[in-house]
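So the structure is just underneath, and the comments pick up after that.
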Amino acid sequence: MSKRKTSHPTVQKLLDTAETIVARDGLVGLTYDRVSKDAGVAKGTVLYHFASKEDLITAMIERLVSRFDAALSQAMGSDPDASGRAVRAYIAATHEGDAFTGEYFDRVNGAITAALANTPERLAAVQAQGRRHQDAIIADSPDPVLATIVRMAIDGLWFSESLGLMNYDPMLKAAVLARLKSWTYGKETPAASNTPQEQQQGEKNAP
Numbered sequence: 001m002s003k004r005k006t007s008h009p010t011v012q013k014l015l016d017t018a019e020t021i022v023a024r025d026g027l028v029g030l031t032y033d034r035v036s037k038d039a040g041v042a043k044g045t046v047l048y049h050f051a052s053k054e055d056l057i058t059a060m061i062e063r064l065v066s067r068f069d070a071a072l073s074q075a076m077g078s079d080p081d082a083s084g085r086a087v088r089a090y091i092a093a094t095h096e097g098d099a100f101t102g103e104y105f106d107r108v109n110g111a112i113t114a115a116l117a118n119t120p121e122r123l124a125a126v127q128a129q130g131r132r133h134q135d136a137i138i139a140d141s142p143d144p145v146l147a148t149i150v151r152m153a154i155d156g157l158w159f160s161e162s163l164g165l166m167n168y169d170p171m172l173k174a175a176v177l178a179r180l181k182s183w184t185y186g187k188e189t190p191a192a193s194n195t196p197q198e199q200q201q202g203e204k205n206a207p
C-alpha cells in the first residue's frame, strides 16, 4: 500500500513529473528512474510514496478524475439555467476546462486510458465518474436521449483528438461544440424520432 498523502507537496511534484513524462513518452516511458531524475529526487523518495508503478498510475488517475470533477463543478456553478446544465457542464469541462484539468490532461488521460483498455478494472475510478456524470445528465435534461447523444459526441471528439486519430479544424470544431450546446437549450435540434416506449406502443398497435 502507498504511504502517500496526496496533498503532500512532494507527492504533487512527483505526480506533476509523471504527467509530463506520460504526455511526452506515453505510459511506457513512466519508470522510477525517469521520475526520480526528472523530479530531482532520490529513487527511494519515489518508492516511499508509491510502492509500485501501478500505485503511481492509480494516483495519477485519481488526480485526473478530481480535476475533471472540479472543472465540471465550476461550469455547473456558472450556468444559471438548470435545464440541461449537466450536459453543458460536461461540454465545458471536456473541451474548455484547461484551467482546472491542467496543461497535459488530455494527452495523459488519453494515454493512460488507451494503455489500460485491456485491464478495465484499473480504470474503476474513471468508470464510476462516467456513471455519475451520465446520471446527472439524464436527471436534469428534458430530453435524456438527445442529451446522451451530445455526451457521446463530446466523448468521441475528445478521444479522437487525444489519441491523435483526428485533428479537426479549430473553427469547425468550435462550430460543432456551439451546435451541440445549442441543442441542450432546445435550439436547432434535429427532428426527434419516436422514443423506445413509443416505438413499442406502435408495434403493439400495428396490424
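The opening residue of the sequence shown carries number 1 in the numbering used here; numbering runs sequentially from there. Each residue gets a CB set at the ideal place from its N, CA and C atoms; glycine is no exception. Source: prediction; values computed, not measured.
Taken in chain order, the unbroken stretches of alpha helix (DSSP H) that lie wholly in the stretch 28 to 86 and span 4 residues or more are 32 to 39, 43 to 49 and 53 to 77. Distance check between D25 and each of R107, D140, S83 and R132 places R107 closest, using alpha-carbon atoms only.
If you ignore the 5 residues before and after V65, its C-beta comes within less than 7 Å of the C-beta of A125, V126 and Q129, all in its own chain and listed in chain order. Of all alpha-carbon atoms in S141, E54 and K53, the one lying nearest the alpha-carbon of D81 is that of S141. It is roughly 9 Å from the alpha-carbon of A75 to the alpha-carbon of E96. Rounded to the nearest whole angstrom, the CA to CA distance from A71 to R131 is 17 Å. The alpha helix (DSSP H) runs lying completely inside the stretch 84 to 141 and spanning 4 residues or more are 85 to 96, 98 to 101, 105 to 115 and 124 to 139, given in chain order.
In the three-state scheme derived from DSSP, where H, G and I count as helix and E and B as strand, P190 is classed as coil. Taking a contact as a CB-CB distance under 8 Å, the pair V150 and L116 does not count as one, their CB atoms being some 26 Å apart.
Counting along the chain, L146 sits inside the alpha helix (DSSP H) bounded by residues P144 to S162. For D16, the enclosing alpha helix (DSSP H) starts and ends at P9 to D25. Counting along the chain, no alpha helix (DSSP H) covers L165, and no H or E run does either.
Take the alpha-carbon of R85 and the one of V22: they are about 33 Å apart. Here H8 is exposed. Its C-beta has fewer than 16 other C-beta atoms within 10 Å.
When the Cα atoms are used, D38 and A93 turn out to be separated by approximately 29 Å. Nearest to T58 by alpha-carbon distance, out of T31, M152, L123 and R88, is L123.
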